[in-house]
Each structure stands twice: as structure tokens, then as C-alpha cells.
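In what follows, a single structure is set out as C-alpha cells and then discussed.
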Amino acid sequence: MNIDEFLEELKTLMQRDGTLTPDMALRDVPEWDSLAIMGCMAFLHGHFGLRIPYSRFGSLNTVEDVAALAKGAIR
Amino acid sequence: MARAAFTDVRIAGIAAVVPKEEVRLAEEVARLGGDLRRVERLARIAGIDRRRVAPPGVTPADLCRQAARRLMGILDVPGDAIDALLFVGQHPDHILPATACILQDALGLSRDCAALDVNQGCSGYVYGLWLAFSLAACSAARRVLLLVGDGMTGLLDPENRVVAPVFGDCGTATLVERAQGAPAAWFDLGTDGSGAKDLMIAAGGARIPPPSTPEAYAAHCQRVFDPAGVPWRPNRLHMDAGAVFAFTMDTVPARIKALLASAGMTPADVHHLVLHQANRQIMANIAREAGFPESRTPMETFSRYGNQGAASIPCALCDALGEELARGPRTLLLSGYGVGLSWASAILTMEGARCAPVVDFDPETPIVAPEEELARWRARIAGAPPETRSDDTSLRGMPRDGMPSPDAGTAVKACGRAAGPIPTDDEGGMQ
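These protein sequences, in sequence, are chains Y and W. Add 201 to a position in the first sequence, counting from 1, and you land on the number used in my numbering. Add 36 to a position in the second sequence, counting from 1, and you land on the number used in my numbering.
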């Protein structure tokens with residue numbers, strides 16, 4: 202999966218209409234809340250078999266950090 | 037390991053009662069931040085739409101009482117046919133006694149009926165079934181009335197946008213009875229108390245008791261804001277949504293698969309997966325990971341009534357599957373998960389059970405608001421109309437403030453020394 206495809210997935214699971222770029226700070230994305238994190242956890246598990254603990258998401262700063270959770274599966 | 041299989045026990049019927057007061061998410065926008073897009077998003081992702089909220093003075097016990105009366109009427113079961121009453125929930129009428137004791141009297145059940153409360157939340161219905169099936173299977177109680185009700189809306193801060201738009205109130209009644217030839221039922225239960233703080237009302241119990249001065253009470257009630265700006269109160273529900281979700285996804289699908297394996301079944305052998313109606317996102321993810329299509333996993337009850345805590349599974353059975361279950365035998369997998377942290381799943385085949393349509397609560401007598409209830413209780417303590425029966429001699433010699441009179445005090449001490457039966461007043465010479 203490339204980064205643009207992942208950003209589209211992320212926008213859908215967040216239900217965000219606005220743009221989303223890799224360098225955006227997560228604190229500037231109002232839709233990045235517990236519902237979005239739950240959706241993201243389910244997506245990473247469903248697509249890549251990755252179990253990312255919820256606590257990891259609290260230390261992320263940018264959208265790119267979220268993609269990096271997939272450990273190279275998103276380029 | 038809490039894994040069990042029972043035979044010769046059946047669910048005879050289920051009834052559910054909800055408050056008639058409906059709150060729609062769209063109407064709560066202002067209180068929850070005033071962002072309409074946010075509301076639409078909640079509706080799309082989590083399936084949140086509307087919920088039922090009991091007015092002050094209507095308790096889970098009230099809803100359960102009406103559900104029980106309805107069920108006993110439908111099944112034509114008299115009060116003296118109930119051997120045990122279990123009340124499961126998180127919002128009892130009082131600190132003590134057990135709500136089940138009050139309901140025994142309110143329902144006109146026999147004095148030979150055992151009655152107890154079980155403090156469990158979203159896994160509570162399956163826990164209650166497990167207890168009821170156990171009692172009936174060994175004939176410790178041949179007919180068990182399982183009353184499962186929750187009133188989470190009274191236990192949360194209405195301005196907390198994480199929990200306020202999610203929860204609804206409901207009371208249910210399920211009759212479990214011994215029935216020769218009833219098909220097998222399998223149960224799998226578990227606990228992880230290391231996550232107790234993920235869903236907790238911290239203040240008000242023995243650890244942080246209710247203070248006895250209004251000034252000290254402030255710290256229990258006043259809001260504390262978390263780093264995201266969400267207000268919480270120590271004496272109201274606190275939830276770490278992400279941690280609960282992580283626990284759910286790490287535990288529940290695997291336990292469902294393990295239960296299927298122990299019953300020698302696959303998802304294809306089960307007509308419906310009936311999950312605790314937590315929210316759409318959680319239910320959809322569990323169903324997918326456990327191998328069930330969404331078409332066989334009812335989720336509409338959440339959108340219609342909200343997350344009803346312990347009562348959500350029986351309400352979903354009545355709401356989404358009542359007609360389906362009347363058509364013939366159906367094998368169901370029920371699974372509840374949440375506060376504790378705790379989980380419980382069951383596979384059972386329902387045959388000939390009556391799952392009545394969900395009905396609105398009908399107050400048979402004027403609702404007594406909590407303030408009025410408090411005033412009545414204060415008046416009672418102060419000596420207003422005695423409620424003890426005229427033939428009740430147990431308070432003889434006791435003045436109304438509850439302290440023994442000097443004479444009675446002597447009698448109590450004398451009784452303490454007596455080795456034989458406690459003497460009665462008629463026997464005189466107790467000293």
C-alpha cells in the first residue's frame with residue numbers, strides 16, 4: 202500500500218472531509234480522537250496483521266508517524 | 037477455568053422495558069460541543085443516533101420490575117413458582133439491602149425465594165445466565181428469575197462527550213427453568229482485573245466513601261478536565277475508551293472462537309451472534325475477527341436505544357430477534373464484555389422461548405423524585421409514620437432513634453450471656 206492510499210483509508214475511517222498530508226501534526230486534526238484511533242487499530246490489524254497497543258498512539262506526533270506503525274508496509 | 041456446559045435447562049422467555057423518554061444525538065449537539073459535523077461523524081462511525089434516558093426517580097429496578105411482571109404474565113408463571121431471583125446490574129436502588137430483596141416483595145414472590153444481587157456490567161447478562169443455568173441444572177432452584185437492568189445515564193456526567201451520547205437505560209427479565217430434554221448450552225467466562233481502572237466510578241464506595249460534610253463532598257462532584265479537555269467527575273463513570281477497545285479486540289474474538297471450538301461448532305452452526313451493544317464500530321470489528329458476517333450480527337438495538345450496559349443483550353434479543361426466535365429453534369452465540377474488565381460468552385439453542393417486543397415504561401404510580409424520596413426518608417428517621425407492622429415486636433423497648441433504652445440494654449447484655457434459647461419478654465426474669 203502506498204502512502205496516498207493509506208491517507209485515503211485514514212480519511213475514511215476518521216470521516217474527515219479536509220485534506221490530510223504526511224507532515225500534518227495530529228493535534229491539528231480534530232478528527233484524530235479515540236474513535237479514529239480505534240478505527241486505525243482495527244485497520245492495521247485487518248490489513249497487516251499488526252496488533253498496535255492503544256498506548257502507542259498517544260506518543261505519535263504526525264500523520265506520517267501513524268503510517269510508520271505499519272513498519273514499511275506503507276511506502 | 038470458568039468453562040461449562042449444561043443440559044436440561046432452557047430460557048422460557050425474555051421481556052425488556054425502556055424509559056419512554058428518548059434523547060436524539062442531534063438534540064445534544066449544543067451540550068457536547070456544538071459541532072454538527074461531529075455529530076454526523078459519531079452517527080456514521082459508531083452508529084450513535086438516539087437513546088432512552090430514565091427520568092429522575094425511575095431506576096433500573098423499576099424497569100426490571102415492570103419487565104418481570106410482563107414476562108410472568110406472558111408465560112403465566114405465578115410468583116410462588118420462582119425459586120430464586122438474581123438482580124444483575126451496576127446501579128442498585130440503595131447501598132443496602134440488595135435490590136433483589138426489594139424486588140422479591142414488589143413482585144409478590146414467595147418468602148421461600150432466594151434473592152441476591154450481582155454487580156456486573158456489560159458481561160453481566162451472560163454471567164447471570166451462567167449462574168441461573170447452574171442453579172437450575174442441579175435443581176438448587178428449578179425456576180430462576182434473572183433481572184438484568186442498568187441505568188448508566190444516572191452514573192455519568194451529561195456534559196462528557198466521550199460517554200454521555202452513548203449510554204441508555206433498560207430493565208429486562210429472563211426466566212430460566214429446568215426442562216428435561218432442553219439442548220446443551222456452553223459458557224466461557226473470564227476476568228482481567230488489571231484493567232479495573234479503565235472503567236470505574238472511583239468515589240462513593242468504601243475506598244473513597246461519601247463524605248459527611250457538604251464541603252468535603254465538593255471534591256467528589258467537581259469536574260476534573262483530562263488533557264483533551266473532556267470533563268470527568270470522581271463520583272461518575274470514568275472510561276478509557278481506547279484501553280477498553282484494545283482489551284475487547286485482544287480478548288473477545290479469541291474467546292468466541294475458543295467457545296465455538298469447545299462446543300465443536302463453527303460460525304456456520306450459529307444463526308446469530310448477539311454481542312453486547314457497545315457501539316457499531318466495536319461490534320463490527322468483533323464480528324469480522326470472529327468470522328461472523330454483519331448480516332447475522334444485530335447492531336440496530338444500539339442505534340435505537342444506546343448502550344444499555346448489562347441489559348443490552350436481552351434487549352437486543354427482544355428488539356432484533358423476537359419474531360425470528362418465534363419461527364423455530366435458533367442457535368445463538370451471546371457475548372458480553374466490559375467493566376471489570378470482564379467477559380462472558382454462551383452458545384445456546386432457544387426453542388419455544390417467548391421474547392416479547394420491547395415496551396416503554398409505564399409508571400403505574402406517580403414517580404417519586406430523588407429529592408422527595410430523601411425528604412421522606414429524613415421524615416421517617418425523625419419519627420414520621422411508623423411502617424412496622426402492628427404485630428412486629430422486634431422493636432419493643434427500642435426508642436425511635438434506634439438506640440436501646442436502658443432496660444432493653446440490660447436485656448441485650450443478658451441475652452449475650454445466655455447459653456440457651458433467647459428468652460422472650462413473657463419469660464420475665466432475664467436478669
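Glycine included, each C-beta is placed from N, C-alpha and C at the ideal position.
Kindly say whether M242 (chain Y), judged by its beta-carbon, lies nearer than 9 Å to any beta-carbon of chain W. Closer than 9 Å: yes.
Limits of the unbroken beta strand (DSSP E) element including V212 (chain W): Per DSSP, V212 (chain W) belongs to the beta strand (DSSP E) from 206-214.
CB Q232 (chain Y) to CB R88 (chain W), shorter than 9 Å? For the record, residue 232 (chain Y) in the displayed sequence is Glu; it is not Gln. For E232 (chain Y) and R88 (chain W), no; Cβs fall outside 9 Å.
Cutoff 9 Å: F258 (chain Y) Cβ touching any chain W Cβ: Residue contact check for F258 (chain Y) against chain W: a CB pair falls below 9 Å.
Unbroken beta strand (DSSP E) runs of length 3 or more, entirely within the stretch 281-316 of chain W: which are they? Counting only runs of 3 or more, we get 308-311.
Between N315 (chain W) and L72 (chain W), what straight-line distance do the alpha-carbon atoms span, to the nearest angstrom? Going by the C-alpha atoms only, they are around 20 Å apart.
Verify whether the separation of the beta carbon atoms of R3 (chain W) and R179 (chain W) is less than 9 Å. Outside the displayed span of chain W (37 to 467) sits residue 3 (chain W), for which this structure offers no information.
L145 (chain W): buried (16+ other C-beta within 10 angstroms of its C-beta) or exposed? With 16 or more other Cβ atoms within 10 Å, it is buried.
According to DSSP, is R217 (chain Y) helix, strand or coil? R217 (chain Y) sits in coil when the DSSP states are folded into three classes, being neither helix nor strand.
Leaving out five residues before and five after P406 (chain W) in sequence, what residues of the same chain have Cβ atoms less than 8 Å from its Cβ? Once the five neighbours on either side are set aside, the close Cβ partners of P406 (chain W) are P92, G93.
Just tell me which of W:W222, W:D276, W:F42, W:V75 has its CA closest to the CA of S175 (chain W). Distances from the CA of S175 (chain W) to each of W:W222, W:D276, W:F42, W:V75 were compared; the closest alpha carbon is that of W:F42.
Nearest neighbour of P194 (chain W), chosen from W:A66, W:T95, W:I292 [CA to CA]: In terms of Cα proximity to P194 (chain W), the closest of W:A66, W:T95, W:I292 is W:A66.
Taking E210 (chain Y) as the query, report the chain W residues whose CB atoms sit under 9 Å from its CB, ordered along the chain. Near E210 (chain Y) there are no residues of chain W at all, since even the closest Cβ is about 14 Å away, more than 9 Å.
Cβ pair count under 8 Å reaching 3, the stretch 105-117 of chain W against the stretch 188-202 of chain W: No, because fewer than three Cβ pairs between the stretch 105-117 of chain W and the stretch 188-202 of chain W fall closer than 8 Å, the two stretches do not touch.
Return the CA-CA distance between A223 (chain Y) and I47 (chain W), expressed in angstroms with no decimal places. For the record, residue 223 (chain Y) in the displayed sequence is Pro; it is not Ala. Rounded to the nearest angstrom, the two C-alpha atoms are 54 Å apart.
The stretch 235-247 of chain W contacting the stretch 273-283 of chain W, beta-carbon criterion three pairs below 8 Å: With a cut-off of 8 Å, the stretch 273-283 of chain W and the stretch 235-247 of chain W count as touching, because enough Cβ pairs lie within range.
Taking the beta strand (DSSP E) that F223 (chain W) belongs to, which residues open and close that run? Counted as a single uninterrupted DSSP element, the beta strand (DSSP E) harbouring F223 (chain W) occupies residues 221-227.
Along the stretch 299-329 of chain W, what residues have a CB closer than 9 Å to any CB found in chain Y? Within the stretch 299-329 of chain W, the residues whose Cβ lies closer than 9 Å to some Cβ of chain Y are N315, Q317, I318, A320, N321, R324, E325, listed in chain order.
When W:A136, W:I292, W:K56 are compared against A380 (chain W), the one with the closest alpha-carbon: Nearest to A380 (chain W) by alpha-carbon distance, out of W:A136, W:I292, W:K56, is W:I292.
Kindly say whether L78 (chain W), judged by its beta-carbon, lies nearer than 9 Å to any beta-carbon of chain Y. Interface flag for L78 (chain W) against chain Y is set, since a Cβ pair is found closer than 9 Å.
Nearest to V288 (chain W) (by Cα), restricted to the options W:L152, W:G226, W:Y163, W:I403: Closest in C-alpha terms to V288 (chain W), from the list W:L152, W:G226, W:Y163, W:I403, comes W:G226.
So with CB distances below 8 Å, who are the chain Y contacts of M285 (chain W)? Those are M242, A243, H246, listed as they occur along chain Y.
Simplified DSSP state of M335 (chain W), which is helix, strand or coil: Reduced to three states, the DSSP call for M335 (chain W) is coil.
So, helix, strand or coil for W166 (chain W), using DSSP? Note: W166 (chain W) maps to helix in three-state DSSP.
Tell me, to the nearest whole angstrom, how far the beta carbon of A347 (chain W) is from that of G185 (chain W); I am working on the premise that it is less than 8 Å. Indeed they touch by this definition, with Cβ atoms about 5 Å apart.
Residues of chain W with a CB under 8 Å from the CB of P254 (chain Y): which are they? Ordered by position in chain W, the residues that pass the 8 Å Cβ test against P254 (chain Y) are A282.
Would the stretch 302-322 of chain W count as touching the stretch 164-174 of chain W if we require 3 or more Cβ pairs under 8 Å? Judged by Cβ distances under 8 Å, the stretch 302-322 of chain W makes no contact with the stretch 164-174 of chain W, as fewer than three pairs qualify.
Does any C-beta atom of chain Y lie closer than 9 Å to the C-beta of A264 (chain W)? At least one chain Y Cβ lies under 9 Å of A264 (chain W).
When the Cβ atoms of the stretch 254-265 of chain Y are set against those of the stretch 354-370 of chain W, are three or more pairs found closer than 8 Å? By the Cβ criterion, the stretch 254-265 of chain Y is not in contact with the stretch 354-370 of chain W, since fewer than three pairs of Cβ atoms, one from each stretch, lie closer than 8 Å.
Please return the same chain residues whose Cβ sits closer than 7 Å to the Cβ of I138 (chain W), not counting the five positions on each side in sequence. Same-chain partners within the cutoff: A97, D129.
Sequence-distant residues of its chain with Cβ nearer than 6 Å to F203 (chain W) (five each side left out): Counting only residues of its own chain and dropping the five nearest sequence neighbours on each side, F203 (chain W) has a CB closer than 6 Å to the CB of M188, T189, G342, N343.
Can you give, in chain order, each stretch of the alpha helix (DSSP H) that sits fully within the stretch 58-97 of chain W and has at least 4 residues? Complete alpha helix (DSSP H) runs here, min 4: 72-82.
With a threshold of 16 other CB atoms inside 10 Å of the CB of N321 (chain W), please say whether the residue is buried or exposed. Residue environment for N321 (chain W): buried (at least 16 other C-beta atoms within 10 angstroms of its C-beta).
Compare the C-beta of G115 (chain W) against all C-beta atoms of chain Y and say whether one is closer than 9 Å. By this cut-off, G115 (chain W) is not an interface position.
Proximity below 9 Å, CB of A220 (chain W) to CB of A168 (chain W): Not a contact, by the Cβ cut-off of 9 Å.
Report yes or no: do the stretch 394-412 of chain W and the stretch 120-135 of chain W share at least 3 C-beta pairs separated by less than 8 Å? The stretch 394-412 of chain W, when compared against the stretch 120-135 of chain W, does not touch it at the 8 Å Cβ threshold.
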